[in-house]
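Remarks on the structure that follows.
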Amino acid sequence: MHWKSRLLAAAFVGIGLVAMAGTASAAGPTCKDGAIKVGAVSTVTGPADFSEVPKATQAAFDAVNAAGGINGCKIDYTIADDKADPAVAAQAARDLIDNKEAVALVGSASLLDCAVNSATYSRKKILSVQGLGVDAACFSSPNVAPVNVGPYTLSTAMAYYATNELKTKKLCAFFIIIGGTQEAYKKAIENWEKISGQKIHLLDLTLPFQGDLTPYVIKARDAGCDAVLTNQVEPQVVQLIKTVDAQKITGINWLFLAPGYTEQVAKALADTKQPIYVGTEWEPYTEKNSAANAQWIADMQKANRPLTAFSQGGYLAAEIFLKVVASIDGEVTRGSVAKALHDMQPLTNPLAGSPYVFGKAKTHSPMQATKVMKLDAGAWKVETPDWVVLPQAK
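FYI, the numbering for the sequence shown is -26 to -1, 1 to 368, going by mature numbering (1 follows the signal peptide of the UniProt record, and there is no 0).
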């Protein structure tokens, strides 16, 4: 009953639980054939596996369905694997929209879904509550609004943390550029410059995804960087710090984005003395005793799903969608869901440091907060118990 209680408090003050699940009521959402069809386009096979995101969304929907649905409407959820192939991604979206008749996309997590399909979503007037926005188009489309901070806003936030808390004077940034992300990362640094009043000391957009990193750490040392921000993922984070140690470089704070926040990274770098910081997308998932994580942990354990940051994103996307659907009075259609998301009031959730709102803007980056973790002898420790909330650029 816990899910219905949370949904009731958020969406229908004064309406009894029986009206929310199991039996229909005069007010609230209705559906044809007792089902609300929803889909997700995600990269499951190929160079990356983001399946934990939609699988957590599925677990949240399954819990609601087991309790009778929303006002008797159950969620019929389809996860489509785009295989990181543009043609497959395009076909997957068309199938969900035209054949499966999805009213919305929820919990998608893909290397290229937004870039490939955002025009289709606009043309078909369908909205996507993205569980994990990866490519730049996820944050620059009128029909997509991710529940995660994303690498570009998080770059700005980590640079802001370096300036504000670490008292950085010579910030350097080294970015791996894949696809059309160069302008997004440059914009992230420009936003930090506006907020901080500082200028980037060194910006290098040639960091390789694979290869020797020695020239880059030497460049950072010789440039006098007192903090270095990169967008590397798990293996490259380890490689970079080991390269730094091999060169016996000291006096630089090393800042990474959410992909560096893994228990594998912590273990691999247990012996380093380098000051290492990472930004999170949500409440730190390694904090198992956190009150903010309690409901997510309980629901994931009940569904036998692993406790990962990816699953936080899928779960949060489902929670938001369910609350928005619960606010609909009448038939749940693609149009009524779009209207509810466009007109929604900001929704707070303890997993996130910013309220989520879809709204009617041409672009969407609703999440503007992070918590910072610091590596301490092979374990991640919370460096900022309070959220680091990114101020608006001047």
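Glycine included, each C-beta is placed from N, C-alpha and C at the ideal position.
None of the values given here were measured: they were computed from a predicted structure.
Asked	Found
Would Phe325 and Trp361 qualify as a contact pair, given that the criterion is a beta-carbon distance under 8 angstroms?	Per the sequence presented here, residue 325 reads as Leu, with Phe not at that position. Against a cut-off of 8 angstroms, the Cβ pair of Trp361 and Leu325 comes out as no contact.
Can you list, in chain order, the stretches of the alpha helix (DSSP H) that have 4 or more residues and sit fully within the stretch 61 to 143?	87 to 98, 125 to 138
Go through its chain and collect everything with a Cβ distance to Val202's Cβ below 6 angstroms, but skip five positions before and after it.	Cys146, Ala194, Ile226, Trp228
If the criterion is Cβ atoms closer than 8 angstroms, does the pair Val212 and Leu187 meet it?	no
Ala131: which of Leu176, Glu255, Val299, Ala272 sits nearest, CA to CA?	Glu255
Taking C-alpha atoms, which residue in Leu128, Asn45, Leu349, Ala37 lies nearest to Gln238?	Leu349
State the CB to CB distance for the pair Ala33 and Ala277, rounded to an integer number of angstroms; the pair is presumed to be in contact (CB under 8 angstroms).	4 angstroms
Touching or not, the stretch 277 to 287 and the stretch 44 to 52, by the rule of three or more beta carbon pairs under 8 angstroms?	no
Please report the residue range of the beta strand (DSSP E) in which Lys29 lies.	Not the beta strand (DSSP E): Lys29 falls in the alpha helix (DSSP H), residues 26 to 40.
Along the chain, where does the alpha helix (DSSP H) that runs through Phe295 open and close?	283 to 300
Consult DSSP for Ile53 and reduce its assignment to one of helix, strand or coil.	strand
Go ahead and pull the three-state DSSP assignment for Ser16.	strand
Our contact map puts Val38 next to Gly81 with C-beta atoms below 8 angstroms; I'd like the distance itself, whole angstroms only.	Not confirmed; about 14 angstroms, so no contact.
Could you name each continuous alpha helix (DSSP H) segment of 4 residues or more that falls completely within the stretch 178 to 248, going from the start of the chain to the end?	188 to 196, 208 to 220, 237 to 242
According to the Cβ coordinates, are Met318 and Phe332 closer than 8 angstroms?	yes
Which residues in the same chain as Ala(-17) place their Cβ atom closer than 6 angstroms to its Cβ, once the five residues preceding and following it in sequence are excluded?	The pLDDT assigned to Ala(-17) is 34, lower than 50, so where the model puts this residue is not dependable; a value taken from the coordinates is nonetheless given after this. Cβ within range, chain order: Lys297.
So the beta strand (DSSP E) Gly253 belongs to, where does it begin and stop?	250 to 253
Can the beta-carbon of Gly13 be found closer than 8 angstroms to that of Ala76?	yes
Within 10 angstroms of its Cβ, does Gln210 collect 16 or more other Cβ (buried), or is it exposed?	buried
How many angstroms separate the CA atom of Ala272 from the CA atom of Ser264?	12 angstroms
Specify whether the stretch 135 to 146 and the stretch 95 to 102 touch according to this definition: at least 3 beta carbon pairs, one from each stretch, less than 8 angstroms apart.	no
Could you give the C-beta distance for Val15 and Leu79, rounded to a whole number, given that I count them as a contact under 8 angstroms?	7 angstroms
Bridge partners of Trp354, per DSSP?	Leu349
Determine, using beta carbons only, whether Ala343 and Leu321 come nearer to each other than 8 angstroms.	no
Expressed to the nearest angstrom, what Euclidean distance is found between the alpha-carbon atoms of Gly352 and Gly234?	13 angstroms
Let me make sure I understand the geometry here. Which of Cys5, Tyr134, Asn73 has the alpha-carbon closest to that of Ala54?	Asn73
Look at the alpha carbon of Lys336 and the alpha carbon of Cys112, and state the distance between them as a whole number of angstroms.	12 angstroms
Among the residues of its own chain, which have a CB less than 6 angstroms from the CB of Thr260, if the five just before and after it don't count?	Trp354
Could you work out which residue in His175, Ser310, Asp56 is closest to Asp23 when comparing CA atoms only?	Asp56
Could you compute how far the alpha carbon of Leu(-19) sits from the alpha carbon of Leu177?	The predicted position of Leu(-19) is uncertain, since its pLDDT is 32 and thus under 50; a value taken from the coordinates is nonetheless stated next. Rounded to the nearest angstrom, the two C-alpha atoms are 49 angstroms apart.
Taking the straight line between their C-alpha atoms, what separation do you get for Asp69 and Asp200?	50 angstroms
If you compare alpha carbons, which of Ile215, Leu86, Pro359 is closest to residue 404?	Look at the range of the chain in this structure, -26 to 368, and you will see that residue 404 is not part of it.
Output needed for Val207: all residues of its chain with C-beta closer than 8 angstroms, excluding positions within five of it in sequence on either side, in chain order.	Pro233, Gly234
Report yes if the C-beta distance between Ile223 and Leu181 is below 8 angstroms; otherwise report no.	no
In terms of alpha-carbon separation, which member of Lys29, Thr17, Tyr95 lies closest to residue 369?	Examination of residue 369 is not possible in this model, given that the chain is present from -26 through 368 alone.
For Glu305, which residues does DSSP report across the bridge?	Thr4
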